[in-house]
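Encoded as structure tokens, the structure appears first; notes follow it.
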Amino acid sequence: MELDNLDRELISIVQSGLPVSGEPYRELAEALKTTEEDILARIGKLVERGTIRRLGAIFDSRRLGYTGTLCALKVPPERIKAVAEIINRYPGVTHNYLRNHDYNMWFTLLAPEKGEVDRIIGEIRRLAGIDEIISLPAERLFKIRVNFDLTEG
Amino acid sequence: MLTRLEKEIVKALQEGLPLVSRPFSALAGKLGLTEEALLDKIREMMDRGLIRRFGAAVRHQDLGYTANAMIVWKVPDSLVDKAGAVFSGFSQVSHCYQRKTAGDWQYNLFTMVHGRTESECREVARAMSEASGIEDYLVLFSTAELKKSSMKYFV
């Protein structure tokens, strides 16, 4: 399924903000000059095909009391699958990517307490048999932007 | 600290908004609130910064942004403020953080750039380097996405 222009406009709007009001989809429909049914059907399709990963509130994990960090480790190529399985099992690991560097595996970790973050990293070290996992917690946030420009097609 | 009700609201809102005409009314019923009371509470939580925004998380690959570069910079402490501000001014930069360093990893500023191609990301990195005067940097592309999920809080 290709995205049509209305899909693109819709994504453009909902990624920066959905109205917090009684009938948010009707408001979107009015802004996009279509019907509420059409908006609901389109969003349903976009969620189903995964283009919209989630529609709802995006939280500030720190303000909710959670502690987070970004970790990196050096994994031999033949062990990548097994090590990823160990790491991805933790619900607090939300992102895990391979990247082109000696530190080839990068994952983010969130937990309700700092002690829990350290405990999980220790456990991963032990289970994966990899001592060298670096933890790089954020010290300062300069920017978070989440919307992508769709205007160039 | 969050109240019990606020935690319940977080749990309800992280599941995804129902695709019905009055989605907040549907959620309010489960929380034992009126629709208006829930909307007020959500707006308050937005004002307090607990909720960063209300909207869609999208898969950027589907929108044509297939290259994902983490550009890391080695910035002297005295220049971090300036470099952070310069990098944040680039529209292609979605995230910019200062992070602790550890062991043999001495890059302290992290920027995420999403582009349609890898060369587009490298171009952006070059422009960022020129604008900031920071020359020691690496462009790390993601070669595989092993996990990407939304955090579930208070479960």
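Those protein sequence lines, which keep their order, are chains A and B.
Anchor point for the first sequence: position 41 equals 41 in my numbering, and the numbering is continuous, going up by one each time.
Anchor point for the second sequence: position 109 equals 262 in my numbering, and the numbering is continuous, going up by one each time.
In this text, a Cβ means the ideal position worked out from N, Cα and C, and glycines have one as well.
Fair warning: this is a prediction, and the values are worked out from it, not measured in the lab.
Extent of the continuous alpha helix (DSSP H) to which E105/B belongs: It is not possible to answer for residue 105/B, since the shown part of chain B is limited to 154 through 308.
Under 7 Å (Cβ pairs) to chain A, residues found in the segment 202-214 of chain B: Taking 7 Å as the cut-off between beta carbons, the residues of the segment 202-214 of chain B near chain A are G202, L203, I204, R205, R206, F207, G208, A209, A210, V211, R212 and H213, in sequence order.
Where Q167/B falls: helix, strand or coil (DSSP): Along the second sequence, one-based indexing puts residue 167/B at 14. It is coil, neither helix nor strand.
Range covered by the alpha helix (DSSP H) that runs through E9/A: Residue numbering aside, residue 9/A sits at position 9 when the first sequence is read from its first letter. N5 to S16 is the extent of the alpha helix (DSSP H) around E9/A.
Contacts that P91/A makes with chain B (C-beta to C-beta distance below 7 Å): Counting from 1 along the first sequence, the entry for residue 91/A is found at position 91. Residues of chain B passing the Cβ test: K305.
Secondary structure of Y250/B, DSSP reduced to three states: Within the second sequence, the letter at position 97 stands for residue 250/B. The three-state secondary structure of Y250/B, taken from DSSP, is strand.
M223/B: contacting residues in chain A (beta-carbon distance under 7 Å): Within the second sequence, numbered from 1, the residue matching residue 223/B stands at position 70. Ordered by position in chain A, the residues that pass the 7 Å Cβ test against M223/B are R99.
Continuous alpha helix (DSSP H) stretch holding S178/B: start and end: Taking the first residue of the second sequence as 1, we reach residue 178/B at position 25. Looking at the DSSP string, the run of the alpha helix (DSSP H) that includes S178/B is P176 to L184.
S295/B (DSSP reduced to helix, strand or coil): Here residue 295/B refers to the residue found at position 142 of the second sequence. Reduced to three states, the DSSP call for S295/B is strand.
Buried/exposed call for T270/B, threshold 16 Cβ in 10 Å: As a first step, residue 270/B is located in the second sequence; it is residue number 117 there, counting from the start. By the beta-carbon neighbour count (other beta carbons within 10 angstroms, threshold 16), T270/B is exposed.
Under the three-state DSSP convention, the category G22/A falls into: Position 22 of the first sequence, counting from 1, holds the residue named residue 22/A. G22/A: coil per DSSP, three-state reduction.
Proximity winner among A72/A, E48/A, R53/A and I43/A, relative to D131/A (alpha-carbon distances): The residue you call residue 131/A lines up with position 131 of the first sequence. The residue with the shortest Cα to Cα distance from D131/A is A72/A.
Within-7 Å CB hit, L202/A to chain B: Residue 202/A falls outside the range modelled here, since chain A spans only 1 to 153, and no answer is possible.
Among I124/A, H101/A, N100/A and D102/A, nearest to L109/A - alpha-carbon criterion: As a first step, residue 109/A must be located in the first sequence, where it is residue number 109. With distances taken between Cα atoms, L109/A lies closest to I124/A.
Contact under 7 Å by Cβ, K253/B with P137/A: Within the second sequence, numbered from 1, the residue matching residue 253/B stands at position 100. Within the first sequence, numbered from 1, the residue matching residue 137/A stands at position 137. Result yes, Cβ atoms of K253/B and P137/A sit closer than 7 Å.
Per-residue contacts from R175/B into chain A (C-beta, under 7 Å): Working through the second sequence from its first residue, we reach residue 175/B at position 22. Scanning chain A for C-beta atoms nearer than 7 Å to the C-beta of R175/B yields G22 and E23, reported in chain order.
Cβ of E78/A within 7 Å of any chain B Cβ: Mapped onto the first sequence, residue 78/A falls at position 78. Not an interface residue.
Beta-bridge pairing of H95/A - partner residues as DSSP gives them: Along the first sequence, read from residue 1 onward, the residue named residue 95/A stands at position 95. BP columns for H95/A point to K301/B.
Neighbouring residues, chain B, relative to N185/A (Cβ below 7 Å): Nothing can be reported for residue 185/A: it is not among the residues displayed for chain A, which extend from 1 to 153.
Residue span of the alpha helix (DSSP H) that contains G44/A, given as start and end: Start at 1 with the first residue of the first sequence, and residue 44/A comes out as number 44. For G44/A, the enclosing alpha helix (DSSP H) begins and ends at E36 to E48.
Where the segment 40-62 of chain A meets chain B: residues whose CB sits under 7 Å from a CB there: So the list reads L40, I43, G44, G50, T51, I52, R53, R54, L55, G56, A57, I58, F59, D60 and S61, given in the order they occur along the chain.
Residue from K300/B, G286/B, E161/B and S302/B with nearest C-alpha to V97/B: Residue coverage of chain B in this structure runs from 154 to 308, which leaves residue 97/B outside it and unanswerable.
Under 9 Å from the C-beta of L127/A: neighbouring residues of chain B: Your numbering for residue 127/A matches position 127 in the first sequence. Going along chain B, no residue has its Cβ under 9 Å from L127/A, so there is no contact; the nearest lies around 16 Å.
is_contact[T151/A, chain B] using C-beta, thresh 7 Å: If you number the first sequence from 1, residue 151/A lands on position 151. Because the pLDDT of T151/A is 47, which lies under 50, any placement of that residue in the model is unreliable, and the number read from its coordinates should be weighed accordingly. Taking CB atoms only, T151/A has no neighbour in chain B less than 7 Å away.
For R125/A, the three-state DSSP class (helix, strand or coil): Locating residue 125/A in the first sequence gives position 125, where the first residue counts as 1. In the structure shown, R125/A sits in a helix (DSSP, three-state: H, G or I).
Euclidean distance between Cα positions of G22/A and T187/B: Within the first sequence, numbered from 1, the residue matching residue 22/A stands at position 22. Within the second sequence, numbered from 1, the residue matching residue 187/B stands at position 34. When rounded, the distance between both Cα atoms is 11 Å.
Inter-residue spacing [alpha-carbon to alpha-carbon] between L40/A and M281/B: The sequence position of residue 40/A within the first sequence is 40, counting from 1. The sequence position of residue 281/B within the second sequence is 128, counting from 1. Cα to Cα, the separation comes out at about 40 Å.
Cβ neighbour criterion (16 or more within 10 Å) applied to P91/A: Counting from one through the first sequence, the residue named residue 91/A turns up at place 91. The residue in question, P91/A, is exposed, as its Cβ has fewer than 16 Cβ neighbours within 10 Å.
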